[in-house]
Amino acid sequence: MHSKSTLSGATKFSLLKSCLKGRALQTIDGLPVTDDNYAIAIDILLATYDNPSTLRHLIYTQLSSLPQ
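Be aware that the sequence shown starts at 1, since it is given in my numbering, and climbs by one per residue.
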């Protein structure tokens, strides 16, 4: 959907928010759904989650909270 030029930024942002949950959704939930904020949301999500160290920590946290 990110590369679909036929979709407006607001539509992409709305679709993105519908696919997210938990901390990822909370990260961008305060942004109004507008054309301009789609790019901002992507930048925020990449800065937050496109980091191997952060991903390892999140996965470890989720795994450690599973019942034994």
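In this text, a Cβ means the ideal position worked out from N, Cα and C, and glycines have one as well.
When rounded, the separation of the alpha-carbon atoms in Asp43 and Ser8 is 17 Å. Distance between Ser14 and Ser64, taken at the CA atoms: about 32 Å. Residue state for Asn51 is assigned as coil, using DSSP reduced to three classes. Note on Tyr38: 16 or more other CB atoms within 10 angstroms of its CB, so buried under the neighbour-count rule. Between the alpha carbons of Gln26 and Leu55 lies a distance of about 16 Å.
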